[in-house]
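Beneath this line is the structure, given in structure tokens, with notes to follow.
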Amino acid sequence: MEISANAKINLTLDILRRREDGYHDLQMVMQSVSLADELTVTPAQGGVGTAVSDLHFLPTGGKNLAQMAAAAFRAATRARQGAFNGAIPDVQEIPMLMDAFHEDGFWDELGGRCLSCNACANVCPTCYCFDIRDTLDPGGASGRRERVWDACTSPQFAMVAGGHNFRATPAARGRHRMYHKLNGFLATHDRSLCVGCGRCAVACKVDISPIEVLRFFERKGTDDAC
Ligand code: SF4
Ligand code: SF4
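Going left to right, the sequence shown walks through residues 295 to 520 as my numbering numbers them.
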């Protein structure tokens with residue numbers, strides 16, 4: 295990837311305060327100009343290297359901003375991989391087992407911990423639930439119909455007119471989400487909707503993730519076979 299990092303001219307610059315993290319809050323008016331540094335970013339094996347040309351004052355070691363950003367990215371990736379590690383059970387019969395143990399107390403235990411915070415769905419790259427909101431203008435002659443993000447883990451998600459809620463408990467909502475990820479999508483599209491990225495495992499404050507569900511059904515499958 296090649297990008298230009300344009301220079302800027304500050305017309306005003308006030309340093310407001312030094313923050314606890316060592317950076318400063320600034321207030322400025324600036325204008326970018328056509329003069330630019332050319333940056334080339336290429337994938338590398340085993341770490342990050344920085345090559346600098348014509349800029350003897352730019353650090354190339356750990357104080358280089360590109361190096362710092364890459365280090366922060368690596369740390370976040372490691373944390374995610376750690377939370378969703380390589381020991382993912384290969385449970386071929388997961389849809390069948392989920393159907394067989396649909397009423398298992400496992401889902402109540404999971405739901406008893408769930409905070410209904412929606413963090414898992416919000417960070418998931420394959421969650422796409424949405425809500426439709428209609429807003430009528432005061433005169434009643436016109437209005438707006440908007441599509442907004444939503445999550446099936448939200449208590450209101452399955453509530454319908456009259457106040458009935460098809461998935462009123464966290465257990466029912468958690469089970470539904472795991473069904474969508476590991477069962478229903480698999481049946482219709484022949485692939486899991488969970489791509490194993492681990493984002494939800496990091497985001498969930500009570501350690502609920504598909505890996506817990508897969509491990510549970512792995513045990514169930516083994517017990518069943520005995
Ligand atoms: S691990 Fe699966 S369910 Fe969790 S965020 Fe990634 S794709 Fe979504
Ligand atoms: S599973 Fe975890 S992240 Fe998802 S709604 Fe429940 S508590 Fe929040």
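Heads up, the beta-carbon is just placed ideally off N, CA and C, and yes, glycines get one too.
Would you please state the rounded distance, in angstroms, between the beta carbons of residue i and residue j? I believe it to be under 8 angstroms.
i      : j      : result
GLN389 : ARG509 : Looking at the sequence provided, one finds Pro at residue 389 rather than Gln. Rounded, the Cβ-Cβ distance is 16 angstroms, inconsistent with contact.
LEU476 : VAL507 : 7 angstroms
MET324 : ILE303 : 6 angstroms
VAL417 : GLU512 : Between GLU512 and VAL417 the Cβ distance is about 25 angstroms, and since that is not below 8 angstroms, they are no contact.
THR447 : GLY434 : Going by Cβ atoms, the distance from THR447 to GLY434 rounds to 35 angstroms, so no, they are not a contact pair.
TRP401 : ALA465 : 5 angstroms
HIS474 : ARG461 : 12 angstroms between Cβ atoms; not a contact.
Could you tell me whether any non-hydrogen atom of ligand 3 is closer than 6 angstroms to the CB of residue i?
i      : result
THR420 : Because ligand 3 does not appear in the structure shown, any question about it cannot be addressed here, the ligands present being ligand 1 and ligand 2.
Can you list, in chain order, the residues of its chain whose CB lies under 7 angstroms from that of residue i, leaving out five sequence neighbours each side?
i      : result
ARG427 : GLU440, VAL442
ALA369 : none
GLY437 : ASP428, THR429, LEU430, ASP431
ALA366 : none
ARG372 : none
Take residue i and list the residues in its own chain whose beta-carbon comes closer than 6 angstroms to its own, dropping the five residues that flank it on each side.
i      : result
ASP425 : VAL442, ASP444
ASN300 : SER326, ALA330
PHE479 : LEU487
LEU307 : MET322
According to DSSP, which residues form a beta bridge with residue i?
i      : result
ASN459 : MET453
ARG427 : GLU440
ASP331 : ALA299
LEU307 : MET322
ARG467 : Looking at the DSSP assignment, ARG467 forms no beta bridge with any residue, so it has no partner.
Mind checking whether residue i and residue j have CB atoms under 7 angstroms apart?
i      : j      : result
ALA338 : SER298 : no
VAL500 : ARG407 : yes
ASP319 : LEU310 : yes
CYS411 : CYS494 : no
THR334 : GLU296 : yes
GLY515 : LEU409 : no
LEU404 : ILE502 : yes
LEU352 : THR420 : no
Near residue i, what residues of its chain come up, given a Cβ to Cβ distance below 8 angstroms and the 5 sequence neighbours on each side ignored?
i      : result
CYS520 : Confidence is the limiting factor: at CYS520 the pLDDT is only 48, short of 50, which leaves the residue's position unreliable, though a coordinate-based value still follows. Once the five neighbours on either side are set aside, CYS520 has no close Cβ partner at all.
CYS423 : ALA415, TRP443, ASP444, ALA445, CYS446, PHE451
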